[in-house]
Amino acid sequence: MEVIIKAKVKPTEDKYKVKKAILNIFPRAKLNFIKEDNEFGKWEGKTKSVEKLKELLRSQAILDAARLVLEKGMTENATKFYLNKQAAYVGAVNFDIDTHGGIFVKILADENEDIMKIIKDIAPRTKGGIIINEDELEEEEKEENEGSKEENGDNNLKIKVIDNTSGD
27 MEVIIKAKVK PTEDKYKVKK AILNIFPRAK LNFIKEDNEF GKWEGKTKSV EKLKELLRSQ
87 AILDAARLVL EKGMTENATK FYLNKQAAYV GAVNFDIDTH GGIFVKILAD ENEDIMKIIK
147 DIAPRTKGGI IINEDELEEE EKEENEGSKE ENGDNNLKIK VIDNTSGD
């Protein structure tokens, strides 16, 4: 897995505060500042670690919301999303819809990895605030569905509807 991170630095922003925001979520990221003509510049970098992101998602109890965002941004072998810079600066995760001002994050699965497995690791499903084993849950649901089919059998209830609305 490789994590690609990009964040534009606007003229009103301090480039080192933007860097700190990124490193608060991805402390092992190797970042480079790229000065651009039409903009102030941007930070770009890579990391292989999502441990701090995982830790923050759990401590903030936003695993289910994170899972939805990661799944929504999923492609064949990657997922992408934006993080709010201000929240990241104070060490919090807040998903951002502002594609122009947020921290762009792309998590890319290696050739032999499954992106869905990576997403499940970063943001596992919860039930009542407790992380659940999705494979076990799917198996239980399958067994419950098969059991309810056996219980119902051929006992289909037939209902005859009588129309008493005619004006007799």
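With my numbering applied, the sequence shown closes on residue 194, and no number is skipped along the way.
Ideal Cβ placement from N, Cα and C applies to all residues, glycine included.
For residue i, which residues in the same chain have their Cβ closer than 7 Å to its Cβ, ignoring the five residues on either side in sequence?
{"i": "residue 14", "result": "Lying outside 27 to 194, the shown extent of the chain, residue 14 is not represented and no answer is given."}
Would you mind sorting residue i into buried or exposed? The rule is 16 or more other CB atoms within 10 Å of its CB.
{"i": "residue 87", "result": "exposed"}
{"i": "residue 119", "result": "buried"}
{"i": "residue 156", "result": "exposed"}
Between residue i and the ligand MN, is the CB less than 7 Å from at least one heavy atom?
{"i": "residue 52", "result": "As far as ligands go, the structure on display features none, and thus does not contain the ligand MN."}
Which residues in the same chain have their Cβ closer than 8 Å to the Cβ of residue i, if we skip the five residues on either side of it in sequence?
{"i": "residue 104", "result": "132, 133, 134, 135 and 141"}
{"i": "residue 160", "result": "146, 150 and 151"}
{"i": "residue 125", "result": "108"}
Please tell me whether residue i and residue j are closer than 8 Å, where the distance is taken between their beta carbons.
{"i": "residue 36", "j": "residue 154", "result": "no"}
{"i": "residue 95", "j": "residue 29", "result": "no"}
{"i": "residue 52", "j": "residue 78", "result": "yes"}
{"i": "residue 41", "j": "residue 59", "result": "yes"}
{"i": "residue 144", "j": "residue 27", "result": "yes"}
Kindly list the residues whose CB is nearer than 6 Å to the CB of residue i, restricted to its own chain and excluding five residues on each side of it in sequence; keep chain order.
{"i": "residue 50", "result": "114 and 117"}
{"i": "residue 54", "result": "73 and 75"}
Could you please give the first and the last residue of the uninterrupted alpha helix (DSSP H) stretch that includes residue i?
{"i": "residue 137", "result": "Premise fails: residue 137 is in no alpha helix (DSSP H) and is neither H nor E."}
{"i": "residue 39", "result": "Residue 39 -> no alpha helix (DSSP H), and no H or E assigned at all."}
{"i": "residue 114", "result": "111–115"}
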